[in-house]
Amino acid sequence: MKKKNTYVFTCALIAALGGLLFGFDTAVISGAEKSIQEMFGLDGFWHGFTVAIALIGTIVGAMTAGKPADKYGRKSVLIVIAVIYGMTALATAVADDWLVFISFRFIGGIGVGASSVIGPMYIAEIAPAHLRGRLVGMFQLNVVSGILLAFFSNYLISSVVEVDAWRWMLGVQALPAFIFFALLFYIPSTPRLLVLKGRSKEALGLLKKLASRDPENELKEIEESLQGDNATSSANLFAKEYRLPVILAILVAVFNQMSGINAIMYYAPRIFEMTGFGKDDALLQSVTIGATNFIFTMLAMTVIDKFGRKKLLLIGSIGMMAFLGMVAKTLFEGSTGNILVVVYLVGFIAFFAFSQGAVIWVFISEIFPNKIRAKGQALGSFTHWIMAAMVSWMFPAIAESGTNGGGVAFMIFSVAMLVQLIVVFKFFPETKGKSLEQIQKELKRA
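The numbering of the sequence shown is numbering that gives the first Met the number 0, which starts it at 0 and goes up by one.
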């Protein structure tokens, strides 16, 4: 069994490397955004648009990734995503024209959005139920690893490159993209996709390799689920029978971004500068944010299959609400160079990573039936990214709207976490330790 665990772990890790590039692409702009604003002479509105254009791309990627994933397979789409990551990293690094720059940032965003759909879905479909939370959570662990790597890379490059450091910050992503591309040729298709294509015997052999505790019964459940879907279920994601998983996916994605996480990741150095830290200190504090994100995501991965998804969300809601409120209070008071801002933001990141960050991609990948999983994952990712684009676009405008703009922004985030606490407590189910088919049956009865 140990050898089988190693195989499924390796496959999940390779697929999750798309999350590392997702995280790197998301955070790397934080070190380059001020230089880009100066180079292209952008005002607050167009600067926000330039930062958010990649997130607009993620919306397109999330909306369009599901159909080719069903037609050509999850693995094939992951290979295309790797190519997009590498190509756009190099193109944005050498761009001298604003339109060229935002065009390739947009295309890169398509890769990120597609990765957020296909990566967790692939891992969920190869993972046995007793390991699924940890294995799908590896995608998020790689996301935060990419964020930490981007913050550290930005700090290192800014220390050694004096001219156009931002180009190197963006271009270095091509290296991990190439590694991701090469490794993808060593992973298999998913058992559920093999069954869908009429290759059940091959699917059974793969389930045995993937550490399934009862591969014959799991194959039977998959076949019955797909046959039941084909016979009685609608292929329309918004059919009445899928109402609950659709609502849950939208809610978890909305709350994820209303915490302010992407605004903080995109504008971390600027937030620290708002409170009086110098540029180099601000970049270094961003590394602290990234390291905290990584450590607490790893901690969440060790307990997510024991504590469950719902409990982690409840714990996180309370902690995030408190620390975001304290950041808002500090900004309202106008303190400068206040180390407490760093402490509060680190506290927020710790609770986010331990809860929302670890849970979102696991939860969305679990709650939809086989027949519409690609569409459901796309809906969750689409909601996540459209909210990310809105929050990241509007954050600079709100933060710069007056002497208390920053405080207002963080107070909005804090109140949103209070609402999340109430909604999760009253309406969210627990999915830990259940097969995908079992979850499907329970949500259909709810």
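For every residue, glycine included, the Cβ atom is placed at its ideal position computed from N, Cα and C.
Asked, Found
"Mind checking whether Ala164 and Val82 have CB atoms under 9 angstroms apart?", "no"
"Would a C-beta distance cut-off of 9 angstroms place Gly56 and Ile125 closer than the cut-off?", "no"
"Could you compute how far the alpha carbon of Lys440 sits from the alpha carbon of Glu365?", "12 angstroms"
"Are Ala357 and Met264 touching if we call contact CB-CB under 9 angstroms?", "no"
"Does the Cβ of Gly18 have 16 or more other Cβ atoms within 10 Å, making it buried, or fewer, making it exposed?", "buried"
"Just how far apart, CA to CA, sit Gly65 and Gly379?", "11 angstroms"
"Select from Asp304, Gly72 and Leu312 the residue whose C-alpha is nearest the C-alpha of Lys431.", "Asp304"
"Using 8 angstroms for Cβ pairs, my map puts Phe353 next to Leu311. What's the rounded Cβ distance?", "6 angstroms"
"Please state whether DSSP places Phe237 in a helix, a strand or coil.", "coil"
"Grouping DSSP H, G and I as helix and E and B as strand, with all else coil, what is Leu155?", "helix"
"Are the Cβ atoms of Phe427 and Arg308 separated by less than 9 angstroms?", "yes"
"Please list the terminal residues of the continuous alpha helix (DSSP H) segment that includes Pro190.", "Pro190 to Leu195"
"Between which two residues does the alpha helix (DSSP H) harbouring Ile101 extend?", "Trp97 to Ile125"
"Quick check: the region 204 to 223 against the region 338 to 345, are there 3 or more CB pairs under 8 angstroms?", "no"
"Exposed or buried, what is Phe424 when buried is set at 16 or more other beta-carbons lying within 10 Å of its beta-carbon?", "exposed"
"Could you check if Ile421 is buried or exposed, using at least 16 other CB atoms within 10 Å of its CB as the buried criterion?", "exposed"
"Check whether the Cβ atoms of Ile459 and Thr291 lie closer than 9 angstroms to each other.", "This structure does not reach residue 459, given that the chain is present from 0 up to 445, and the question cannot be answered."
"Under 8 angstroms by Cβ, that's how I've got Ile78 and Leu183 pegged, so tell me the actual separation to the nearest angstrom.", "5 angstroms"
"Would you give the residue range spanned by the alpha helix (DSSP H) that Thr382 belongs to?", "Arg372 to Ala398"
"Whole angstroms is fine: what's the gap from Gly259's alpha carbon to Ser188's?", "36 angstroms"
"Just checking: is the beta-carbon of Gly43 within a distance shorter than 9 angstroms of some beta-carbon in chain B?", "In the structure shown, chain B does not exist; there is a single protein chain."
"So which of Thr63, Asp24 and Leu20 has the shortest CA-CA distance to Ala51?", "Asp24"
"Go through its chain and collect everything with a Cβ distance to Thr402's Cβ below 8 angstroms, but skip five positions before and after it.", "Gly333"
"Using 8 angstroms as the cut-off, can you tell me whether the region 121 to 138 makes contact with the region 148 to 155, which would need three or more C-beta pairs spanning the two stretches below that distance?", "no"
"Here's a check: name, in chain order, each residue in its chain whose Cβ is nearer than 7 angstroms to the Cβ of Phe350, leaving out the five neighbours to either side.", "Gly315, Gly318, Met319 and Phe322"
"Starting from the Cα of Ser434, find the closest Cα among Ala181, Gln376, Ala128 and Lys219 and give me that residue.", "Ala128"
"Can you give me the C-alpha to C-alpha distance between Ile338 and Val418, rounded to a whole angstrom?", "29 angstroms"
"Using a threshold of 9 angstroms, state whether the C-beta atoms of Trp167 and Ala92 are closer than that.", "yes"
"Classify Leu312 as helix, strand or coil using the three-state DSSP reduction.", "helix"
"Which two residues bound the contiguous alpha helix (DSSP H) that contains Ala92?", "Arg73 to Val93"
"Would you report the Cα separation of Ile117 and Val162, rounded to the nearest angstrom?", "38 angstroms"
"Which word fits Leu174, buried or exposed, when buried means at least 16 other C-beta atoms lie within 10 angstroms of its C-beta?", "exposed"
"Considering His46, what are the terminal residues of the alpha helix (DSSP H) in which it resides?", "Gly43 to Thr63"
"So what's Glu201 in DSSP terms, helix, strand or just coil?", "helix"
"Can you tell me where the alpha helix (DSSP H) holding Tyr343 begins and where it ends?", "Ile338 to Phe353"
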